[in-house]
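All remarks here apply to the structure that follows.
Chains as they are written, first to last, in the working numbering: chain E, 11 to 121; chain L, 1262 to 1378.
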């Protein structure tokens, strides 16, 4: 089944404790991205990757890092999480015709 | 960059009635306009999309219209059912040379649709 998977689905952590949210897709898509969803703000792009080893900032990249060492994986790294990064995070991958597929989401709480 | 506005933010309809959600966009180079449905606890799922060379597209009870001159597009759901209750997002994709590596999707802020029995 074609899908985007994310782990963990839920995470509660404390300020400053580094964390990684994994993302994997099995559709061989070149383009992947991370979004955060906050009430009243919709989905905002954090980082995107056009292919292996090619990543760039989206609209809200501060406090986040990403890497793309393999085509299927695109982890999101928070090196020193802060409470304002409490949010719902979605990974997505995109076909060449622009159709985008989202993962199930990771709900992160930073205390 | 692209800016997408979506209205209304909440919409309540009676079962069987129609629901309409409207979006406007700012970048005239945008050429792809998808609509996503997000159910509670899940990621957004594509329900219908339209490209700039088409004015209207229909899929059973849902339809999307696009007015490129006015830069707005709308989602129409007919004969609404309780399972249509969800958050709906519109989005617009910029041109191939635009921000976000080209063809970046910019989302509206979402519409919470509630279909009441």
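Even for Gly, the Cβ is constructed at its ideal location relative to N, Cα and C.
Starting from residue i and walking both ways along the beta strand (DSSP E), at which residues does that stretch end?
i	result
residue 111(E)	110-112
residue 19(E)	Neither: residue 19(E) is in no beta strand (DSSP E) and is coded neither H nor E.
residue 1265(L)	1265-1268
residue 1377(L)	1372-1377
residue 41(E)	41-48
residue 102(E)	97-104
residue 28(E)	Segment: none, residue 28(E) is in no beta strand (DSSP E) and carries neither H nor E.
residue 66(E)	64-67
residue 1283(L)	1280-1286
residue 156(E)	Chain E is shown from 11 up to 121; residue 156(E) falls before or after that span and cannot be answered.
residue 1275(L)	1271-1275
Exposed or buried, which one is residue i when buried takes at least 16 other CB atoms within 10 Å?
i	result
residue 1378(L)	exposed
residue 61(E)	exposed
residue 51(E)	exposed
residue 1354(L)	buried
residue 1341(L)	buried
residue 1364(L)	buried
residue 1352(L)	buried
residue 94(E)	exposed
Considering Cα atoms alone, identify which of the options is closest to residue i.
i	options	result
residue 1303(L)	35(E), 111(E), 11(E), 120(E)	111(E)
residue 1306(L)	101(E), 120(E), 32(E), 63(E)	101(E)
residue 17(E)	30(E), 25(E), 11(E), 54(E)	30(E)
residue 35(E)	77(E), 104(E), 55(E), 73(E)	104(E)
residue 1319(L)	1366(L), 1289(L), 1339(L)	1339(L)
residue 1321(L)	1330(L), 1337(L), 1311(L)	1337(L)
residue 1350(L)	1369(L), 1285(L), 1290(L), 1273(L)	1369(L)
residue 119(E)	46(E), 11(E), 13(E)	46(E)
residue 69(E)	58(E), 79(E), 77(E)	58(E)
residue 73(E)	90(E), 64(E), 63(E)	90(E)
residue 1329(L)	1375(L), 1271(L), 1288(L), 1272(L)	1288(L)
Measure the alpha-carbon distance for residue i versus residue j and round it to whole angstroms.
i	j	result
residue 48(E)	residue 98(E)	7 Å
residue 1327(L)	residue 1334(L)	4 Å
residue 1313(L)	residue 1297(L)	18 Å
residue 106(E)	residue 38(E)	11 Å
residue 1324(L)	residue 1283(L)	12 Å
residue 1276(L)	residue 88(E)	44 Å
residue 1315(L)	residue 117(E)	37 Å
residue 42(E)	residue 84(E)	7 Å
residue 1267(L)	residue 121(E)	32 Å
residue 26(E)	residue 33(E)	22 Å
residue 1373(L)	residue 1308(L)	15 Å
residue 1366(L)	residue 81(E)	20 Å
residue 23(E)	residue 92(E)	10 Å
residue 1293(L)	residue 86(E)	27 Å
residue 1331(L)	residue 1263(L)	15 Å
residue 66(E)	residue 1278(L)	44 Å
residue 11(E)	residue 113(E)	13 Å
residue 64(E)	residue 78(E)	7 Å
residue 20(E)	residue 115(E)	9 Å
residue 1300(L)	residue 1343(L)	12 Å
residue 40(E)	residue 1295(L)	20 Å
residue 1376(L)	residue 1281(L)	12 Å
residue 1311(L)	residue 28(E)	41 Å
With hydrogens ignored, establish whether the beta-carbon of residue i is closer than 8 Å to any heavy atom of the ligand HEM.
i	result
residue 63(E)	With respect to the ligand HEM, the structure offers nothing, as it holds no ligand at all.
To test your reading of the DSSP string, which unbroken beta strand (DSSP E) runs of 3 or more residues are found completely within the region 1299-1351 of chain L? Counting only runs of at least 3 residues, the region 1299-1351 of chain L fully encloses the following beta strand (DSSP E) elements, listed from N- to C-terminal order: 1306-1312, 1317-1320, 1323-1328, 1333-1338.
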